[in-house]
Amino acid sequence: MRAIILAAGMGTRLRPLTLTRPKSLIEVKGTSLIERQIVFLKERGIDEIIVVTGYLAEQFQFLKEKYGVELIYNDKYDVYNNFYTMYLVKEYLSDAYVIDADNYLVENIFDPTIQESAYFSAYKVGFKDEWLLECDANQQVQKIVVTSGEGSILSGVSYWNEESGRVLNRLIDEHFVASSFSDLYWDNLVKDNLDKIQVFKRDIPSDAIFEVDSLEDLEALQDFLDNRRM
9 MRAIILAAGM GTRLRPLTLT RPKSLIEVKG TSLIERQIVF LKERGIDEII
59 VVTGYLAEQF QFLKEKYGVE LIYNDKYDVY NNFYTMYLVK EYLSDAYVID
109 ADNYLVENIF DPTIQESAYF SAYKVGFKDE WLLECDANQQ VQKIVVTSGE
159 GSILSGVSYW NEESGRVLNR LIDEHFVASS FSDLYWDNLV KDNLDKIQVF
209 KRDIPSDAIF EVDSLEDLEA LQDFLDNRRM
């Protein structure tokens, strides 16, 4: 089992904080977002960790020495959406977690015994333009829709078993060869191919994970953590 952490983005909505550092290296309570993820993975015995960098990539070098991660550089981080990032690491996708680096994990949700491909999903209310999972009675994902409102949405953490990894690898290659990926997010491959990939929803508490995509998100997270300790 391994983990792929996607950390190539520029984090423009977090400026001015991200003018001089990648957003996943922003510290919350003294620890950067990505280091908290790495520590949690290692606590679960997941030691093979691949970090895909892009913007200000040189600032991630210390992770290699401190934690033994593998760094892969996406030189087109400012050209394409994260499909190209996944193209660079597609051979690692089988039996792998995929994690957005701009997530703050309140608790350790990683399960080293997981076998079914899964989207880790939190029930949220009042969201806008998020990826909502529609599932059958067995929690198998039947449809993914981008919508607003309330429900179980993608949290930025997923797991892909050997079979799903092989299918996704092939789909990534097909789109790359066809050059049909300039505005594509990698989750679109799953969304549009649920007839080929069996993936389930794994519920996590609504406050187990926070996306830090803007200054407002960061402030809300800090308020939550301050109140949680009281």
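Note that this note's numbering numbers the sequence shown so that position 161 is 169, with each residue one more than the last. From the three backbone atoms N, C-alpha and C, an ideal C-beta is built for every residue, glycine too.
Residue environment: residue 11 is assigned as buried (16 or more neighbouring CB atoms within 10 Å of its CB, all protein chains considered). In the structure shown, the three-state DSSP call for residue 10 is strand. Counting only unbroken stretches of 4 or more residues, the alpha helix (DSSP H) elements lying wholly within the stretch 136–202 are 170–185 and 195–199, in sequence order.
The alpha-carbon of residue 183 is positioned some 20 angstroms away from that of residue 170.
Among the bridge pairs identified by DSSP, residue 56 is matched with 10. Only exposed fits residue 76, as fewer than 16 other CB atoms lie within 10 angstroms of its CB. Counting the other CB atoms within 10 Å of its CB gives residue 62 a total of 16 or more, which places it among the buried residues. Annotated as proximal: residue 162 and residue 127, with beta-carbon spacing under 8 angstroms. With fewer than 16 other Cβ atoms from the protein chains shown falling within 10 Å of its own Cβ, residue 228 counts as exposed. An exposed status is given to residue 154, since fewer than 16 other beta-carbon atoms sit within 10 Å of its beta-carbon.
A distance below 7 angstroms between beta-carbons, with the five flanking residues on each side excluded, links residue 223 to the following residues of its chain, in chain order: 22. For residue 106, the enclosing beta strand (DSSP E) covers residues 104–108. Secondary structure of residue 224 (DSSP, three-state): helix.
For residue 72, the uninterrupted alpha helix (DSSP H) run begins and ends at 69–75, by DSSP. Taken atom to atom, the span from the alpha-carbon of residue 49 to that of residue 185 is near 33 angstroms. Sorting 113, 69, 57 and 9 by C-alpha distance to the C-alpha of residue 35 places 113 at the top. Cβ neighbours of residue 90 within its own chain (closer than 8 angstroms, five residues either side excluded): 14, 16, 17, 193 and 194.
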